[in-house]
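One structure is given below, encoded as structure tokens.
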Amino acid sequence: MTATAIILAAGMGTRMKSARPKVLHGIAGRPMLRHLIAACEAAFERIVVVTGPGMEAVAEAARPHACVVQQERLGTAHAALQAADLFGTGDVAVLYGDNPLIGAATLRRLRERLAQGDAGLVLLATRPDDPGRYGRVLARDGDVERIVEWADASAAERTETLCNAGVFVAAAGRMRAWLEAVRADNAKREYYLTDIVAGARAEAVRVAAVEAPFAECRGVNSRLELAEAEASVQRALRLAAMEGGASLIGPETVFLAADTVLEPDTVVGPYVVFGPGVTVRTGAVVRAHSHLEGCEVGAEAVVGPFARLRPGTVLGKGAHVGNFVELKAASLGAGAKANHLAYIGDATVGARSNIGAGTITCNYDGVDKHRTTIGADVFVGSDSVLVAPLALGDGAFVAAGSTITEDVPERAMALGRARQVTKPGRAPDLRARQAAKLKKD
Ligand code: UD1
Ligand code: CA
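Residues 4 to 444 in the numbering used here are what the sequence shown spells out, letter by letter.
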């Protein structure tokens with residue numbers, strides 16, 4: 004039967020002190036909401052996101068999944084009810100958008116626990132080192148009796164270490180009825196989702212808790228908790244990369260994105276940052292202090308130190324990109340090199356071509372972007388300015404210091420610079436005049 008996940012994301016995230024909705028803040032280069040959606044896609048057949056008024060950006064990030072708007076933020080139970088028409092007839096899970104790191108395997112465990120049949124409501128719980136302000140799960144003989152919110156808890160209840168991690172799974176009909184029965188009689192005058200536990204117990208329905216490690220269950224309510232979640236995810240990503248056969252030299256200094264692919268036998272130096280969408284093929288080396296996003300590094304390629312690969316960059320097998328070289332929407336063919344101080348944007352560089360130090364593509368005229376197409380086996384001398392749109396044919400040679408504005412045919416040599424003037428013996432005269440000027444001053 005179809006199971007539906009309802010993700011609550013209408014809250015303002017007041018403690019973030021941000022104009023951006025909380026669930027759009029990123030962890031490992033991906034908005035929190037997308038982490039949770041990815042896990043839900045692997046564990047549920049349907050996903051509905053509850054957003055707030057004016058939160059179109061959240062709806063955009065939720066695509067292609069459905070969204071409903073909670074017009075007034077009256078609490079988590081009220082938020083879940085806004086999606087009641089979309090609960091379907093199977094099981095329903097309600098999740099908090101700000102508990103973004105829960106994995107698909109854990110979500111499947113919750114569904115399986117419900118399928119065992121003895122419990123009518125299953126929830127996710129965790130034991131943090133510091134239970135802080137999480138809602139406390141009160142159980143007796145292994146059965147959950149009640150969840151008490153921190154604000155409403157007695158001193159004795161606050162000593163309970165089992166905390167609510169914010170996933171509740173039940174049959175759709177029951178979930179709807181329990182949500183409708185929730186009242187706002189608590190410290191915050193809010194409709195608490197957590198009160199469905201008491202609702203189920205009032206009907207003598209058993210409530211079971213499934214426990215998962217805190218690393219998966221942490222909530223993000225503040226910038227500090229966001230940074231802690233980032234650190235925790237980075238640790239896990241580094242470990243997974245190394246287990247997958249990548250060497251990280253100084254793993255604690257390498258920052259990965261949730262989707263970074265490091266094939267076996269890649270080597271990543273210290274202080275390397277991967278934005279979203281990077282694949283590094285086998286045998287490639289990314290040296291220290293490089294920054295990569297939206298790019299593919301071919302097998303055995305060498306990048307950095309201090310290289311910047313921006314979106315749309317593709318490096319062929321064995322290509323070299325050295326220090327202070329920036330590439331954007333550019334491809335380097337197999338064995339091509341840009342070893343020092345270059346900007347290659349909106350360009351194609353053929354196999355084995357060499358881009359000299361200080362070369363730049365002038366790809367932007369203030370309005371439009373233009374492409375530079377460089378063939379195979381081309382030599383571009385140092386400090387050349389390639390004014391796009393431009394094509395350099397296979398085997399062409401551009402002399403150092405050229406400004407090239409016209410296409411260069413195959414195997415042609417192009418020079419585009421002022422002729423040098425040399426005046427024999429004139430240096431001492433010049434120095435004498437300079438010295439006289441200094442004395443006068
Ligand atoms: C909630 C739980 C608490 C649990 C903690 C785990 C309740 C009452 N409390 O507390 O037991 O330990 O999460 O992190 O459920 N939201 C809406 N509409 C609203 C209110 C909230 O969509 O009217 C959304 C928020 O965007 C957020 C989520 O629901 O994603 C949780 O709300 P939040 O206010 O952060 O609850 P906590 O106080 O953290
Ligand atoms: Ca929260």
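All C-beta atoms in this analysis are idealised placements derived from N, C-alpha and C, irrespective of residue type, glycine included.
What I want to know is whether the C-beta of residue i ends up closer than 7 Å to one or more non-hydrogen atoms of ligand 2.
| i | result |
| --- | --- |
| Gly91 | no |
| Gly78 | no |
| Gly222 | yes |
| Asp101 | yes |
So residue i is in the beta strand (DSSP E); what residue range does that whole segment cover?
| i | result |
| --- | --- |
| Asp349 | 340-352 |
| Ala215 | Where Ala215 is concerned, there is no enclosing beta strand (DSSP E), given that its DSSP letter is neither H nor E. |
| Arg149 | 146-151 |
| Leu98 | 94-99 |
| Gly169 | 166-174 |
| Ile377 | 375-377 |
| Ala8 | 7-11 |
| Thr54 | 49-54 |
| Thr263 | Premise fails: Thr263 is in no beta strand (DSSP E) and is neither H nor E. |
| Ile199 | It is not in any beta strand (DSSP E) - Ile199 instead sits in the alpha helix (DSSP H) that spans 199-205. |
| Glu299 | 298-300 |
| Arg143 | 139-143 |
| Thr408 | No beta strand (DSSP E) contains Thr408, which DSSP labels as neither H nor E. |
| Ala310 | 310-312 |
| Ala69 | 69-72 |
Assuming residue i and residue j form a contact by the criterion Cβ under 8 Å, report the distance between their Cβ atoms to the nearest whole angstrom.
| i | j | result |
| --- | --- | --- |
| Ala379 | Ala354 | 5 Å |
| Arg284 | Val300 | 6 Å |
| Ala168 | Asn224 | Going by Cβ atoms, the distance from Ala168 to Asn224 rounds to 14 Å, so no, they are not a contact pair. |
| Gly448 | Ile10 | Limits of the chain in this structure are 4 at one end and 444 at the other, which puts residue 448 out of reach. |
| Thr92 | Met35 | Going by Cβ atoms, the distance from Thr92 to Met35 rounds to 30 Å, so no, they are not a contact pair. |
| Ala184 | Gly202 | 5 Å |
| Gly32 | Pro279 | 4 Å |
In angstroms with no decimal places, state the Cα-to-Cα distance between residue i and residue j.
| i | j | result |
| --- | --- | --- |
| Leu441 | Pro427 | 24 Å |
| Val281 | Ala304 | 14 Å |
| Ala287 | Glu296 | 16 Å |
| Leu98 | Leu240 | 24 Å |
| Arg186 | Glu75 | 16 Å |
| Leu165 | Ala128 | 6 Å |
| Asp121 | Arg221 | 28 Å |
| Ala107 | His38 | 10 Å |
| Glu266 | Ala244 | 8 Å |
| Val381 | Ala345 | 16 Å |
| Val26 | Gly359 | 45 Å |
| Arg130 | Pro216 | 7 Å |
| Glu214 | Asp94 | 20 Å |
| Cys298 | Arg116 | 42 Å |
| Gly55 | Ser21 | 15 Å |
| Gly348 | His81 | 50 Å |
| Ala118 | Ala6 | 12 Å |
| Leu141 | Ala13 | 27 Å |
| Arg414 | Ile377 | 12 Å |
| Ala64 | Val170 | 21 Å |
| Gly145 | Thr109 | 19 Å |
| Ile125 | Arg139 | The sequence shown places Val at residue 125, rather than the Ile named in the question. Using only the alpha carbons, I get a separation of about 15 Å. |
| Ile252 | Arg290 | 10 Å |
Tell me which residue opens and which closes the alpha helix (DSSP H) that residue i is part of.
| i | result |
| --- | --- |
| Ser235 | 226-246 |
| Gly325 | Taken as a continuous stretch (DSSP letters only), Gly325 belongs to no alpha helix (DSSP H), being part of the beta strand (DSSP E) at 323-335. |
| Ala41 | 35-44 |
| Glu163 | Careful: Glu163 lies outside any alpha helix (DSSP H) and carries neither H nor E. |
| Ala118 | 107-118 |
| Val61 | 59-65 |
| Thr79 | 79-84 |
| Ala128 | Careful: Ala128 lies outside any alpha helix (DSSP H), inside the beta strand (DSSP E) at 124-129. |
| Ala87 | From DSSP, Ala87 is part of no alpha helix (DSSP H); its letter is neither H nor E. |
Using 7 Å as the cut-off, classify the Cβ of residue i as near or not near the heavy atoms of ligand 1, replying yes or no.
| i | result |
| --- | --- |
| Cys166 | yes |
| Leu113 | no |
| Ala60 | no |
| Val185 | no |
| Thr406 | no |
| His28 | no |
| Ala82 | yes |
| Val53 | yes |
| Glu219 | no |
| Leu36 | no |
| Ala190 | no |
| Thr362 | no |
| Glu152 | yes |
| Gln73 | yes |
| Leu196 | yes |
| Leu104 | no |
| Gly169 | yes |
| Leu124 | no |
| Gly138 | yes |
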